[in-house]
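Read the structure below first, then the notes.
Protein chains: 2
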Amino acid sequence: MTTRGRGLHGHVLETLGPAITAGDYPPGSVLRTDELAQRFEVSRSVMREAVRVLESMYLVESRRRVGVTVRPKSEWNVYDPQVIRWRLAGADRPHQLRSLTVLRSAIEPVAAGLAARHATAEQCAELTECALGMVATSRGHQLEGYLVHDVAFHRVILKASGNEMFARLGDVVAEVLSGRTHHDVMFEDPDPAAVTLHVQLAEAVREGDSRRAEELTREITAGALQELDVLAP
Amino acid sequence: MTTRGRGLHGHVLETLGPAITAGDYPPGSVLRTDELAQRFEVSRSVMREAVRVLESMYLVESRRRVGVTVRPKSEWNVYDPQVIRWRLAGADRPHQLRSLTVLRSAIEPVAAGLAARHATAEQCAELTECALGMVATSRGHQLEGYLVHDVAFHRVILKASGNEMFARLGDVVAEVLSGRTHHDVMFEDPDPAAVTLHVQLAEAVREGDSRRAEELTREITAGALQELDVLAP
DNA sequence: GGGAACAAAAAGTCAGACTTATATGTCACA
DNA sequence: TGTGACATATAAGTCTGACTTTTTGTTCCC
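Chains B and R are the protein sequences, given in the same order.
Residue numbers for the first sequence follow this note's numbering, beginning at 1 and rising by one.
Residue numbers for the second sequence follow this note's numbering, beginning at 1001 and rising by one.
As structure tokens, then:
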């Protein structure tokens, strides 16, 4: 939602980035800074700044006498929030969504286990509040409201784990959950079982039951994976 | 090892990046492009490119009339390989190492489980070869050789999982393992139990035993965590 | 055919002038 | 005293043109 068109170079990135991640320029393709600058009607300096950013994402490599070559997908920094957003907006969105959901299924249970040990009283309260919000919006096609509480819930868990690497995945989870609600088909209300699991998870964290928190989260993420299999087989 | 001093802006990043991640400039600190350009004896355009890269790592934010402000640590893109390297080279290295090891303990078991299902015959062979290499170098203070095989082993597992997000963590694991061997105290030969676990893991993957591969990896990463507790309590 | 010299091409660097957004201070007015 | 509009200074943002450096590919000679 954050319009990242900060400056001209940002605007260039907004069209060039998605184009590259979408595979419009196959690996090994060579771009030239001057040509790009002309195409986007910006000065060379602006174009150079954009290329530097793409380079720091490992999307391209700039070499003298050669030009700006597109790197193979396997080298891209797929953890860059910007890259994630670009790819989720593109064609291989389903594939990307699956990768991220599998990532969630690995991270979140461990994060929840840690959260049960380290969560502050305030975080426990937040968690319970989010769970209540999910219950309140779980029926009657209030998907948008449900999403807000769901995202907030998982953010708190990840943050409460006390691990900065986990905490930083809050945005990723938000993108995944938001994508599931918006782009993919989701006519019905959320699965009642999932809602219950969230309530129980808040409970487990509050009680400091690390083992149970981990197990409940495994069930939640397993459900998310299963749901993905049903929607996009 | 990769000297990333590619160009002048790369050289600037090599000193400015570590300085920021080390906390030399507390969050909210304001830098000015012109001043920095003078300090590093480069032109403004070069300095601007460096700032753009720092900005794409969420380390700083550039705003008109204000300057380049350092963002709070919680917003940094801690998955950026460059940022990881800078932080591992800095003062809060132990803390960083622990975060990454916890991350490993979440990711690798799941990755190993997937690898058992998706690994190709060639990958299985590589895995066995690495495990044999670890056995061969596990005694007689051949830590350097052991490290090479250890890193290769985990890289194959992560790649064989078939999940691009997992595969991309190969570099991170390499940094962690390498750091453990080089910087931290490590007089003795590696734990024989760990070596055995790796051999068994290669076996489990080869046999397609997903459950066992996952469990064995949990033991491996648990050992790594425990080791960290002993070395840096 | 192989190696050395050469030429061309594209990124890299620099300096200077100009534009634009915006934080902040000023002042009049309520 | 507080509040709004307005002016101003500041630092980033942009553009241009000239120059440098590295690297690739070709050519020419042995």
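Using N, Cα and C, we set each Cβ at its ideal position, and we do this for glycine too.
Assigned exposure category for residue i - 16 Cβ within 10 Å defines buried
i	result
R:Leu1036	buried
B:Arg104	buried
R:Ile1099	Reading off the sequence, residue 1099 of chain R comes out as Ser, not Ile. By the 10 Å Cβ count, R:Ser1099 comes out buried.
R:Val1151	buried
R:Leu1231	exposed
R:Asp1024	exposed
B:Ser161	buried
R:Gly1005	exposed
R:Pro1190	buried
R:Leu1054	buried
B:Gly113	buried
B:Arg52	buried
R:Pro1109	buried
B:Arg211	exposed
B:Ala236	The question about residue 236 of chain B has no answer, for chain B in this structure spans 1 to 233.
B:Arg48	buried
R:Arg1168	buried
B:Ala193	exposed
R:Ala1180	In the sequence on display, residue 1180 of chain R carries Arg and not Ala. With 16 or more Cβ atoms within 10 Å of its Cβ, R:Arg1180 is classed as buried.
B:His182	exposed
B:Ala213	buried
Start-to-end residues for the alpha helix (DSSP H) that takes in residue i
i	result
R:Glu1035	1033 to 1040
B:Arg104	93 to 118
B:Ser62	Careful: B:Ser62 lies outside any alpha helix (DSSP H), inside the beta strand (DSSP E) at 60 to 63.
R:Met1057	No alpha helix (DSSP H) contains R:Met1057, which DSSP labels as neither H nor E.
B:Asp229	210 to 231
R:Ala1204	1192 to 1206
R:Ala1019	1007 to 1021
Endpoints, the beta strand (DSSP E) within which residue i is located
i	result
R:Thr1069	1067 to 1070
R:Glu1075	R:Glu1075 -> no beta strand (DSSP E), and no H or E assigned at all.
Local conformation of residue i per DSSP, three classes
i	result
R:Ser1043	coil
B:Ser29	coil
B:Met165	helix
B:Glu179	For clarity, residue 179 of chain B is Gly in the given sequence; the question names Glu instead. Helix, per DSSP.
B:Thr137	coil
R:Asp1171	helix
B:Gln142	coil
B:Glu49	helix
R:Glu1188	coil
B:Ala160	helix
R:Ala1131	helix
R:Ala1125	helix
B:Ala89	coil
B:Asp24	coil
B:Met1	In this prediction, B:Met1 scores a pLDDT of 41, lower than 50, which makes its location untrustworthy; no coordinate-derived value is stated.
is_contact[residue i, chain B] using C-beta, thresh 8 Å
i	result
R:Val1102	yes
R:Ile1107	yes
R:His1011	no
R:Arg1093	no
R:Arg1071	no
R:Arg1168	yes
R:Val1110	yes
R:Thr1003	Below a pLDDT of 50, predicted positions are generally treated as unreliable, and R:Thr1003, at 47, falls in that range; no measurement from the model is reported.
R:Glu1122	no
R:Ser1210	no
R:Ser1056	yes
Short CB-CB distance (under 8 Å) between residue i and chain R
i	result
B:Leu225	no
B:Ser178	no
B:Ala49	According to the sequence shown, residue 49 of chain B is Glu rather than Ala. With 8 Å as the cut-off, B:Glu49 counts as an interface residue toward chain R.
B:Glu215	no
B:Asp80	yes
B:Val53	yes
B:Glu14	no
B:Met134	no
B:Glu164	yes
B:Ser45	yes
B:Arg32	no
message = Contact between the stretch 215 to 223 of chain B and the stretch 1004 to 1024 of chain R is defined here as three or more beta-carbon pairs at a separation below 8 Å; is this criterion met?
response = no
query = Is the stretch 1113 to 1133 of chain R touching the stretch 1146 to 1155 of chain R in the sense that three or more CB pairs, one from each, lie closer than 8 Å?
reply = yes
message = Below 8 Å, how does it come out for the stretch 1088 to 1099 of chain R and the stretch 1192 to 1200 of chain R: are there three or more Cβ pairs, yes or no?
response = no
Contact the stretch 1121 to 1129 of chain R vs the stretch 1067 to 1085 of chain R: 3+ CB pairs below 8 Å = no
query = Is it a yes or a no for the stretch 1084 to 1094 of chain R touching the stretch 1167 to 1184 of chain R, going by three-plus beta-carbon pairs under 8 Å?
reply = yes
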